[in-house]
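Novice: Numbering (this note's numbering), first residue to last: 1349 to 1607.
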Amino acid sequence: MSSSAPIGVFDSGLGGISVAREIRSAMPNEHILYFGDSANAPYGIKTPDEVKKLSFSIVENFVKNGVKAVVIACNTATSAAVKDLREYYNIPIIGMEPALKLACDLGCGKSQRVIVAATPLTLRERKFADLLNRFACEHTIFSQPCPDLVRIVEDGKLNDCDFVNCALHKYFDSYDLHSIDSVVLGCTHFIFYRDYFRDFLPSNVKIVDGNAGTIHHLQEILSSLDALAPKSEEGSVTISNSDTSKRISELAQSLFFAK
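1) Check whether the Cβ atoms of residue 1479 and residue 1424 lie closer than 8 angstroms to each other.
2) By the DSSP assignment, the beta strand (DSSP E) with residue 1588 in it spans what residues?
3) On the premise that residue 1487 lies in contact with residue 1459, defined as a C-beta separation below 8 angstroms, what is that separation, rounded to the nearest angstrom?
4) Would you give the residue range spanned by the alpha helix (DSSP H) that residue 1544 belongs to?
5) Among 1576, 1525, 1540, whose alpha-carbon lies nearest the alpha-carbon of residue 1552?
6) What distance in whole Å lies between the Cβ atoms of residue 1372 and residue 1380, which are believed to be in contact at a cut-off of 8 angstroms?
7) Between which two residues does the alpha helix (DSSP H) holding residue 1563 run?
8) Taking residue 1555 as the reference, give the member of 1467, 1594, 1446 with the closest Cα.
9) What are the boundary residues of the beta strand (DSSP E) that includes residue 1379?
10) With respect to the beta strand (DSSP E) encompassing residue 1601, which residues constitute its N-terminal and C-terminal limits?
11) Do you know how far the Cα of residue 1546 is from the Cα of residue 1417?
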């Protein structure tokens, strides 16, 4: 069996487009409904209850549109809402968390020094605390909130090199970066900064994100349910946003098709 039903993907704004783009590349037969909640961004400075309420509203709309699975392409919304969403809805809900395990595993048994860059809410939620506790005994983990990096993407200032680099210096100059093994991009907005991080960080520092692992998990779940789209299917992507302005629409398109 197979299923041509769409996959719902949502984020607090435009960051999750990096996930939708990779799903499209890895699973070209699938229909993807992407929703960005830029009118309510950023989620990372809201309360968990606020984020949960927004997430339920988005998923409810996805369900009305017949999705076969939902990907929460937002570490913050995952932290605040994934448990309750899974209990309420009878479809797969795939969440994201900072790829700390992947970063630590890169040491092949050697203790690692890792910076987790994420939103303030992600870093203070219990879900991240539990993740941190799994690795803090054997590794040195630094939690670095970077709220400005979300706003820069949402404001369309990603190409302002001086502005971006000023933000990176603000958040990372206090570290001895030559002693760091890896930086985890713990927010899907931050994926768009990969080239900036590569230029900013010493060459030995690895840059880690969870997009590939999330998409692999999505494929495995849909395969186990015989719910992958037929190989003959011509997939599609529909991008929508709570901010219906022309600026956001054009920005979303440019981020989706960016190299």
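All C-beta atoms in this analysis are idealised placements derived from N, C-alpha and C, irrespective of residue type, glycine included.
Specialist: Reading off the structure:
1) no
2) 1584-1589
3) 6 angstroms
4) 1542-1548
5) 1525
6) 6 angstroms
7) 1559-1572
8) 1446
9) 1379-1384
10) No beta strand (DSSP E) contains residue 1601, which is instead part of the alpha helix (DSSP H) from 1594-1604.
11) 33 angstroms
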